Amino acid sequence: MSGAEYESWFVSARDPASPRALWIRHTRHRPRQGPESAALWCTVLDRGAGQRLVPKQVLGALPPDAAAGPRQFRGGASMGQRAARWDLRVSGGQEALRPLRPAALYRAPLPQHRQARRTDRALVRRSRRCSSGAGR
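Numbering that gives the first Met the number 0 applies: residue 0 is where the sequence shown begins, and numbers increase by one.
Below you can see the structure in the form of structure tokens.
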């Protein structure tokens with residue numbers, strides 16, 4: 000590898016019908032020298048139930064079954080007795096977000112990033128398991 004790489008994907012979602020929200024992040028760091036590292040974490044908030052679950056797991060590399068991209072997020076994290084697994088598929092949505100202004104910045108020799116998509120009206124099919132270790 001010629002240079003260091005840092006890659007981070009995240010998904011943020013909230014339930015418009017209730018005070019629940021979800022934030023998941025996959026991060027991979029490949030330094031110029033030294034070993035690769037990765038982190039997976041998930042934050043689940045439920046204000047109505049007064050619950051918050053935040054497991055984060057730091058690993059030597061992303062697990063082979065983990066996936067992060069514009070259409071799918073799959074993975075898991077555990078920390079102590081807290082654990083979460085997720086498998087999200089996203090469809091629908093809106094045009095890609097382009098937060099840089101002016102638009103010419105997208106053609107400039109700047110670090111590249113993947114474009115995010117607003118999915119206010121997207122359909123998220125999910126499979127999520129969370130455990131706080133408190134017998135729930």
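Idealized CB from N, CA, C, for every residue including glycine. Nothing here was measured: the structure is a model prediction, and the numbers come from that model.
Checklist entry - By how many angstroms is the C-alpha of S11 removed from the C-alpha of R29? => result On the sequence shown, residue 29 is found 30 positions in, with the first residue counted as 1. On the sequence shown, residue 11 is found 12 positions in, with the first residue counted as 1. Spanning the two alpha carbons is a distance of roughly 25 Å.
Checklist entry - If T42 sits next to V57, beta carbons under 8 Å apart, how far is it from one beta carbon to the other, in whole angstroms? => result Looking up residue 42 in the sequence shown gives position 43. Looking up residue 57 in the sequence shown gives position 58. Between V57 and T42 the Cβ distance is about 16 Å, and since that is not below 8 Å, they are no contact.
Checklist entry - Ordered along the chain, which non-local residues of its own chain (more than five positions away) have a Cβ less than 8 Å from that of A66? => result Counted from its first residue, the sequence shown places residue 66 at position 67. Hits under 8 Å: F72, R73, G74.
Checklist entry - Is it right to say L104 is buried, meaning 16 or more other beta carbons lie within 10 angstroms of its own, or is it exposed? => result The count along the sequence shown starts at 1 and reaches residue 104 at position 105. Flag for L104 reads exposed.
Checklist entry - Which same chain residues, not among the five before or five after W40, have their C-beta less than 8 Å away from its C-beta? => result The residue you call residue 40 lines up with position 41 of the sequence shown. Hits under 8 Å: I23, R24, V53, P54, K55, Q56, A76.
Checklist entry - Looking at the structure shown, is A103 part of a helix, part of a strand, or coil, going by DSSP? => result Here residue 103 is taken as the residue at index 104 of the sequence shown, counted from 1. DSSP places A103 in helix when its eight states are reduced to three.
Next on the checklist: Just to confirm the assignment, what range does the beta strand (DSSP E) spanning L144 have?
Outcome noted: Within the shown structure, residues of the chain are numbered from 0 to 135, placing residue 144 beyond reach of any answer.
Checklist entry - Is the distance from the Cβ of E35 to the Cβ of A60 below 8 Å? => result Reading the sequence shown from its first residue, position 36 is the one you call residue 35. Reading the sequence shown from its first residue, position 61 is the one you call residue 60. Yes, the pair counts as a contact, with Cβ atoms nearer than the cut-off.
Checklist entry - Count the other CB atoms within 10 Å of the CB of A37; is the residue buried (16 or more) or exposed (fewer)? => result Translated into the one-based positions of the sequence shown, residue 37 becomes position 38. Only buried fits A37, as 16 or more other CB atoms lie within 10 angstroms of its CB.
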